[in-house]
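Numbering (full-length UniProt numbering) for the sequence shown: 1 to 387. Accompanying notes for the structure given below.
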Amino acid sequence: MVTTLSADRLAELQDEGAEFTLVDTRPEDSYEAWHAPGAINFPFGLDEALDGRLSEFEETVGDAERVITICAKGLSSGNFATELESATDEYDVQTVDGGMKGWSGVYEHVELGAELEFGLDDRKLTIVQLQRRAKGCLGYLVGCAETGEAVVVDPTADVDEFEVAAEEADLSIVGVIDTHVHADHVSGGRDLADSLDVPYYLGARADERDVEFDFTGLERNEVLPVGERELKALAAPGHTSEMINLLVDDAALLTADTLHVDSTGRTELEFNQDEGEEGARMLYETLHRTILAEPESIVVLPGHVTVTPEGEFEHSAPGDPIATTVRDARTGIDLLGLDEEAFVERMADAGEEPSNYGEIIDRNRGELELAPEDRVELELGPNNCSA
């Protein structure tokens, strides 16, 4: 009988350098767009039989001994694993429970203080970066170890990950902040705030996005105390009109989709074609007059890291801090060296859009109701928030 393993266990095996061959049975176009690291493609249907294809498979995997199968939800890959085990005893066969849906829920919790050498240990600042491995979403737990209070910033819908992170850090969540109306993933912000009965914050200009639920608006330069720590809301329009960035204790800047470690956010997901130039000019102004005006030593903590079609982080690796500094961003990101007209021209062609982004925006504004079981399916696919 074919055994299953969890997506978290698959991640552990990859990190350990275990010997296995990961076989993705989805159609070629789905595989090419987005797959787990190291996977090879062998398309196989839910009701298909292996008859006549065993030699083709053997050529595909070479001298593999251990085979782990994966698909979108664990259905066709489970069928293939069963067929393969019945056809030959050449392989130790397992299948990933929940497939890419399960893989989409794998997270790393990275405590940043020591790794980034903030020099703030005596000030009791705690920052945990939660990395969503398949999508590159980065959320944060920002807390005061002295008082035990914390806020969560940009949580995904896997809100239990953020509660676990708070428990691990011995912190109590007293507020939840979304930096903007997200377009690439379903936010867990208001769900987490409601479940904990704590305030839910957005930038004050979110009223202009037709947000259909209650929130507490953070005004430009408003300071939100978290125990002895301070989060200052910086207006940062461009990726979206209501975007805020958060300056933490004048030491770290949570830049969401304004600035990533190797690029900027894109600008056309909120703005229509006629307004695309307006969004690009907003972002240029934000980058040069707000972000790059901060001291060069400020640590930049972005809202995403690009995940390549091969499933790898384009910068760093899962479990390592995803961060840069104002200085390194200024000198290392070519977009930041362009003049305004060249920047606007470049932003006009930001690349392929995130999957289902219109529906995701509608859900995050409160206009679209979405059953929990439909959430991950809506998000399946690569993250495309960088320009």
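Just so you know, even glycine gets a beta-carbon here, dropped at the ideal spot from N, CA and C. A quick note: this is a predicted structure, and the numbers were derived from the prediction, not measured.
Measuring CA to CA, which of the options is closest to residue i?
i: Thr3; options: Ser187, Val300 and Arg66; result: Arg66
i: Phe162; options: Leu247, Gly52, Val106 and Leu22; result: Val106
i: His182; options: Leu380, Asp362 and Glu373; result: Asp362
i: Pro309; options: Glu219, Asp197, Asp8 and Gly38; result: Gly38
i: Glu108; options: Leu292, Val248, Leu171 and Phe313; result: Phe313
i: Ala87; options: Leu50, Gly175, Glu58 and Arg375; result: Leu50
i: Gly351; options: Cys137, Val261, Arg266 and Asp63; result: Arg266
i: Tyr31; options: Ser55, Cys71 and Glu353; result: Cys71
i: Val287; options: Ser195, Arg330 and Leu231; result: Per the sequence shown, the amino acid found at residue 287 is Leu instead of Val. Minimum Cα distance to Leu287 is reached at Arg330.
i: Arg190; options: Gly332, Ala157 and Leu234; result: Ala157
With a threshold of 6 Å, establish whether the CB of residue i neighbours any heavy atom of the ligand ADP.
i: Val305; result: Only the bare structure without any ligand can be found here, which leaves the ligand ADP out of the picture.
Within 10 angstroms of the Cβ of residue i, are there 16 or more other Cβ atoms? Answer buried if so, exposed if not.
i: Gly337; result: exposed
i: Ser263; result: buried
i: Val186; result: buried
i: Gly203; result: buried
i: Pro225; result: exposed
i: Val110; result: buried
i: Ala165; result: buried
i: Met347; result: buried
So what does DSSP say about residue i, is it helix, strand or coil?
i: Ser172; result: strand
i: Ile70; result: strand
i: Ala18; result: coil
i: Tyr140; result: strand
i: Asp122; result: Since pLDDT at Asp122 reaches only 47, below the 50 mark, its modelled position is unreliable, and the value read off the structure follows with that caveat. Of the three classes helix, strand and coil, the one that applies to Asp122 here is helix, per DSSP.
i: Ser195; result: helix
i: Arg53; result: coil
i: Val153; result: strand
i: Pro372; result: helix
i: Val164; result: helix
i: Ser386; result: strand
i: Lys232; result: strand
i: Ile127; result: strand
i: Glu111; result: strand
i: Thr147; result: coil
i: residue 404; result: As shown, the chain starts at 1 and ends at 387. That puts residue 404 outside it, with no answer to give.
i: Ala7; result: helix
i: Leu13; result: helix
i: Tyr91; result: coil
Can you give me the Cβ contacts of residue i inside the same chain, cut-off strictly under 6 Å, excluding the 5 residues immediately before and after it?
i: Ala206; result: Glu242
i: Cys73; result: With the sequence shown as reference, residue 73 is identified as Lys, and Cys is not the correct amino acid for it. So the qualifying residues of the chain are Gly99 and Lys101.
i: His35; result: Asp24 and Gly311
i: Ala134; result: Trp103 and Ser104
i: Leu84; result: Val93
Going by beta carbon distance, what residues of the same chain come within less than 7 Å of residue i, once the five residues before and after it are set aside?
i: Ser6; result: Asp97 and Gly102
i: Glu369; result: none
i: Leu46; result: Leu75, Ser76 and Asn79
Could you pull out every residue in the same chain whose Cβ sits closer than 8 Å to the Cβ of residue i, ignoring the five residues on either side in sequence?
i: Glu367; result: Asp210 and Glu212
i: Gly175; result: Val151, Val152, Ala193, Val198, Pro199, Tyr200, Tyr201, Leu224 and Val226
If you scan the region 237 to 314 from start to end, which runs of the beta strand (DSSP E) of 3 or more residues do you find wholly inside it?
Within the region 237 to 314, the beta strand (DSSP E) runs of at least 3 residues that lie entirely inside it are, in chain order, 244 to 248, 252 to 256 and 299 to 302.
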